[in-house]
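Worksheet: the structure to be examined is printed underneath.
Numbering (UniProt numbering), first residue to last: 1 to 476.
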């Protein structure tokens, strides 16, 4: 008797370290299972306590499995001073034998392999097992456009015309990238070419998924598909599938935080947080404290000890039950702000705070997960980028989307002073004409995001097309 074929396509998803990659990959997996009838196995290369903790939370469906790949020691393989991108690539490469053996042992082999930008080396395993190959860009379409264009024009052009001359990088059909907002990997391009691992391999896949939606970045998405612009470089289907963000889930607000927020008027609180890995210098923390105090606006501030390296905690994220007034805040700060502010040490459940009706603003490092959470909760932002592609995100938020303000000086090179901080806070919280326009615009984006994800919406359609391709492969 002939064996009956498995009716559901099985997708393997590979997530590289860091919450910025893990959260959207997990959310993609959940959406594929609940809305598009996939079996999904998420393979995770976890290297920090926050990621490990997220993996322990229960999955919503038996059709979604999570496998943490064994940790690997790369200390002898990479220079400690190497750029983060280089470290992540080595870490992912060293995890491939574990991934291969896990896939080989599966009774129901995956039909497709979806990797984020750091997992492209895993496509050799997809080829071995006859799987479809997809890349998932967990950030913006503009980032993808810049990455693909830069790999097509080559390292020397970027080094001479963009980095050394500090001229904008022109991207066909898209917003140009100012030198002030450029990627960290471009600044290091003479010792490590981060574009080489992206460009060529991405254009040999069965498609590129992006954590954005058609209406948010319509011009860039059109350019990626148009042969007169970037289509001739891309050559494969582009699938905007976002916004994919974590839902409230099992995390709950601390009782003290909830009681405090419940007492505040609607949209009166600004939430201040620099993500799961960002830190500020001691001087900048002092100026931020004074700026919040001077603004006289209600605030919740997630504070971490100072570090001169903005990426200080990327690989060492965790909770901390700190107590009392830290010595890196101005003397008497807690006493003076006790009626309008709440300081939380180290970590807070961001999704729950942003969704609370009392929260009406977000001072953020502009990580793409945080940005999407802000949009989906209709909360305008102060853009304060620290590392990776965050300056690009800040440029989009302020210049293209019109939902944020940004300090006049570069936050990574200079100190943003208290007066400017107070002015920005008041602009989005008290609301002059510009502040009201931002609030209106972000609510429009919120509505368009929900439409994109709903049945018949553009992002729903993108995943339906991938499901169709996987079913065809399954039945071939």
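Glycine residues also receive a C-beta, built at the ideal position from the N, C-alpha and C atoms.
- Distance between residue 225 and residue 442, taken at the CA atoms: about 27 Å.
- Counting C-beta atoms within 10 angstroms of its own C-beta, residue 174 has 16 or more neighbours from the protein chains shown and is therefore classed as buried.
- Beyond the five residues adjoining it in sequence on each side, residue 285 comes within less than 6 Å, by CB distance, of 306, 328 in the same chain, given in chain order.
- Around residue 247, the same chain offers no residue with a beta carbon nearer than 6 Å, after the five sequence neighbours per side are excluded.
- Residue 213 is positioned such that its CB atom lies no closer than 7 Å to that of residue 237.
- The shortest C-alpha to C-alpha distance from residue 143 to any of 8, 119, 184, 108 is the one to 184.
- Classified as exposed, residue 259 has fewer than 16 neighbouring CB atoms from the shown chains inside 10 Å of its CB.
- Excluding five sequence positions before and after residue 161, the CB atoms of its chain that fall closer than 7 Å to its own CB belong to 167, given in chain order.
- Between residue 418 and residue 294, the CB-CB gap stays under 7 Å.
- For residue 262, DSSP assigns no beta-bridge partner whatsoever.
- A direct Cα-to-Cα measurement between residue 385 and residue 221 gives close to 24 Å.
- Taking a contact to require three or more Cβ pairs closer than 8 Å, the stretch 395-412 and the stretch 331-342 do not qualify as touching.
- Within the DSSP bridge table, the entry for residue 345 names 303 as partners.
- Distance from the CA atom of residue 36 to the CA atom of residue 97, rounded to whole angstroms, is 30 Å.
- A direct Cα-to-Cα measurement between residue 134 and residue 348 gives close to 33 Å.
- The continuous beta strand (DSSP E) containing residue 65 extends over residues 64-68.
- DSSP, reduced to helix, strand and coil, places residue 230 outside both helices and strands of the structure shown, so it counts as coil.
- Taken through DSSP and simplified to helix, strand or coil, residue 113 comes out as strand.
- Taking 8 Å as the upper bound for CB-CB distance, residue 243 and residue 117 are not in contact here, some 18 Å apart.
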